[in-house]
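Residue numbers (the numbering used here), protein chains in the order written: chain A, 295 to 504; chain B, 295 to 504. For glycine and all other residues, C-beta sits at the position ideal for the given N, C-alpha and C. Each remark here refers to the structure printed beneath this line.
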């Protein structure tokens with residue numbers, strides 16, 4: 295397949311190199327075509343470089359791999375994308391990477407913290423199916439599923455981490471309570487995977503490490 | 295530890311039973327204390343039942359395991375929670391479970407779809423670190439990491455799924471493009487885990503199944 299890649303950064307170069315290695319033709323597009331050419335040369339004959347418009351025209355599928363702040367300009371520079379498969383791997387990150395600038399302004403947990411005056415709220419267990427809890431064995435084969443927890447009180451978080459791990463889950467600290475803005479959508483994703491998208495409830499999230 | 299559990303549904307009963315099995319004392323609180331007593335009796339001597347206020351008073355840690363619509367009333371019924379560890383496992387789900395009613399109104403991908411007229415936008419690869427792509431081997435041990443993808447064009451999604459799996463990732467269909475509202479926070483979560491919370495970038499998400 296011909297794949298256009300808008301952006302020569304880590305994500306674009308990483309996926310472009312991998313797809314070129316599988317025999318696809320990739321064309322990297324950049325505001326700086328010379329940069330795209332240099333990247334392409336480092337990859338080999340399946341890769342070439344050009345402008346953003348070149349990449350958009352070239353690809354049956356086009357990977358959008360831009361920093362969020364450059365995304366709209368890149369789309370404008372691409373020209374027509376009618377009928378193209380546009381693979382969007384961007385995240386609308388704030389400049390400090392610690393929040394999203396689009397679509398996320400609060401969370402249930404933060405509302406709860408306002409309502410429950412004085413409580414040390416810790417978000418946890420919101421992305422595990424109750425069916426897993428009731429199954430008699432939380433392990434998936436030999437693997438513990440991940441339970442993320444977040445909150446603003448370190449001592450409370452430590453206690454909750456203990457309450458997680460003693461149930462044979464892996465507890466992962468997901469930061470301050472406002473990160474419930476990420477954990478609650480994860481819960482919603484699992485609801486949809488389980489009930490709306492046919493995977494059933496015998497699933498759980500895991501952070502792989504190596 | 296004494297643990298109060300607000301809610302006798304799937305999540306509350308599941309965690310309550312597990313913690314009671316580990317030797318903690320749990321008190322289930324419900325608007326219907328008889329229901330809480332019946333649940334407690336089915337679990338054994340480490341469990342008891344009562345009102346929501348009873349559970350809040352009893353627990354050093356209090357699990358909030360209510361349907362979202364009942365959450366605020368439950369907190370009001372709990373009385374003072376000052377100094378309590380309040381474990382929040384709720385998700386602010388819409389009645390049809392297919393969206394969140396708090397904090398999530400759009401996504402970068404949906405904005406991109408507005409900007410890129412006519413394009414078949416597929417969100418994908420937004421929660422995998424570029425470092426994993428560049429490492430020469432995307433597998434974690436023998437396990438492929440999960441790449442979620444979502445979009446509104448079935449054919450485009452099928453092609454993107456192929457582009458994912460041929461790179462030795464597992465492709466999981468995360469539904470319509472609006473579910474980027476869940477995938478982008480997942481990307482943000484991994485950014486924070488990797489850069490802000492000390493896990494580094496050699497991590498990836500996986501959906502466990504059994």
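Taken atom to atom, the span from the alpha-carbon of residue 342 of chain B to that of residue 379 of chain B is near 19 angstroms. Secondary structure note for residue 323 of chain A: it is in no alpha helix (DSSP H), and the uninterrupted beta strand (DSSP E) holding it is 319 to 323.
Within the stretch 330 to 406 of chain A, the alpha helix (DSSP H) runs of at least 4 residues that lie entirely inside it are, in chain order, 346 to 352 and 362 to 372. The residue among A/360, A/388, A/310 and A/369 with its C-alpha nearest the C-alpha of residue 410 of chain B is A/369.
The criterion of a C-beta distance shorter than 8 angstroms is not satisfied by residue 356 of chain B and residue 333 of chain B. Distance from the CA atom of residue 347 of chain A to the CA atom of residue 435 of chain B, rounded to whole angstroms, is 39 angstroms. Taking the beta carbon of residue 467 of chain A as reference, the chain B residues within 7 angstroms of it are 491, listed in sequence order. Its Cα nearest to that of residue 389 of chain A, the residue B/486 stands out among B/486, B/321, B/367 and B/308.
Each residue's CA atom was taken as its position, placing residue 360 of chain B and residue 444 of chain A some 19 angstroms apart. A straight-line Cα-Cα distance of about 15 angstroms links residue 312 of chain A and residue 439 of chain B. With contact defined as three or more Cβ pairs closer than 8 angstroms, the stretch 317 to 332 of chain B and the stretch 466 to 473 of chain A are not in contact. Here the alpha carbons of residue 329 of chain A and residue 366 of chain B stand approximately 55 angstroms from one another.
For residue 422 of chain A, the three-state secondary structure derived from DSSP is coil. Following the DSSP letters along the chain, one finds residue 459 of chain A inside the alpha helix (DSSP H) bounded by residues 448 to 459. Of all residues in the stretch 401 to 412 of chain B, only 401, 402, 403, 404, 405, 406, 407, 409, 410, 411 and 412 place a beta-carbon less than 9 angstroms from a beta-carbon of chain A.
8 angstroms or more divides the Cβ of residue 297 of chain B from the Cβ of residue 358 of chain B. Closest by C-alpha distance to residue 447 of chain A, out of A/423, A/422, A/415 and A/427, is A/415.
As DSSP reads the structure, residue 464 of chain B sits in a beta bridge with B/440. Non-local C-beta neighbours of residue 501 of chain B in its own chain, meaning closer than 8 angstroms and more than five positions away in sequence, comprise 440, 464 and 466, ordered along the chain.
Here the alpha carbon of residue 481 of chain A sits roughly 21 angstroms from the alpha carbon of residue 430 of chain A.
Residue 445 of chain B sits in a strand when the DSSP states are folded into three classes. By alpha-carbon distance to residue 413 of chain A, the top candidate from A/425, A/491, A/450 and A/459 is A/450. Interface with chain A (8 angstroms Cβ-Cβ cutoff): residue 386 of chain B is included.
In this structure, B/419 is the residue among B/488, B/503, B/453 and B/419 with its C-alpha nearest to the C-alpha of residue 308 of chain A.
As DSSP reads the structure, residue 498 of chain B sits in a beta bridge with A/502. Contact of residue 486 of chain A with chain B is assigned, a C-beta pair being separated by under 8 angstroms. Sequence-ordered contacts of the stretch 413 to 442 of chain A with chain B read 413, 414, 415, 416, 417, 418, 419, 420, 424, 427, 428, 434, 435, 437 and 439 [C-beta pairs closer than 7 angstroms].
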